[in-house]
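> Below is the structure I would like to discuss, written out as structure tokens.
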Ligand code: HEC
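Numbering (our numbering), first residue to last: 132 to 244.
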């Protein structure tokens, strides 16, 4: 019985560690690949972000985009013209794959708090 308890305790601790490591990886990716335009805080108050009228990721307006919309932007890029402002984002399918894409979407949902 003790051994079983010890085993589950270890499993929980190890799982916790790997989940934390995964979050760190996504945070690093966001800060290196996305923050030039979106800002580390997601507010878009960077030189490039302002130039392209990038929306605040914490705003309801941004957050009303569905997971599918976000996924599409990450994998296929984003191109639009809004009030004469060109908005362009490259595809990040080489940097973010499979579960990383979903983890990144989750990361961006955290900004709304
Ligand atoms: C070169 C600048 C630039 C970089 C780098 C960039 N983006 Fe964007 N992103 C934009 C612009 C411009 C828009 C469109 C305006 C807006 O939605 O605020 C946009 C929109 C988005 C959207 C909204 C899509 C929608 O349909 O609602 C998401 C999600 C997004 N970006 C995620 C990311 C992620 C994740 C990264 C990093 C892997 C990233 N962006 C890197 C410029 C950039």
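Quick reminder that beta carbons are idealized off the backbone N, C-alpha and C, glycines included.
Would you say the stretch 222-236 touches the stretch 167-187, given that touching needs at least three Cβ pairs under 8 Å?
Output reads no: the stretch 167-187 does not touch the stretch 222-236.
> Is it the case that the CB of residue 147 approaches a heavy atom of the ligand HEC more closely than 7 Å?
For the purposes of this step, residue 147 is identified with residue 16 of the chain shown, where counting begins at 1. For the ligand HEC, not one heavy atom lies less than 7 Å from the Cβ of residue 147.
> Quick check: is any heavy atom of the ligand HEC less than 7 Å from the C-beta of residue 242?
On the chain shown, position 111 is the one that residue 242 refers to. Not so, every heavy atom of the ligand HEC lies at least 7 Å from the Cβ.
> Give the single residue among 238, 228 and 182 whose Cα lies nearest to the Cα of residue 151.
What you label residue 151 is simply residue 20 of the chain shown in a count that begins at 1. With distances taken between Cα atoms, residue 151 lies closest to 238.
> Quick check on residue 132: buried or exposed, where buried means 16 or more other Cβ atoms within 10 Å of its Cβ?
If you number the chain shown from 1, residue 132 lands on position 1. By the neighbour-count rule (16 or more Cβ atoms within 10 Å), residue 132 is not buried but exposed.
> To which residues does DSSP link residue 218 through a beta bridge?
Residue mapping note: residue 218 aligns to position 87 of the chain shown, counting from 1. In DSSP, residue 218 forms a bridge with 211.
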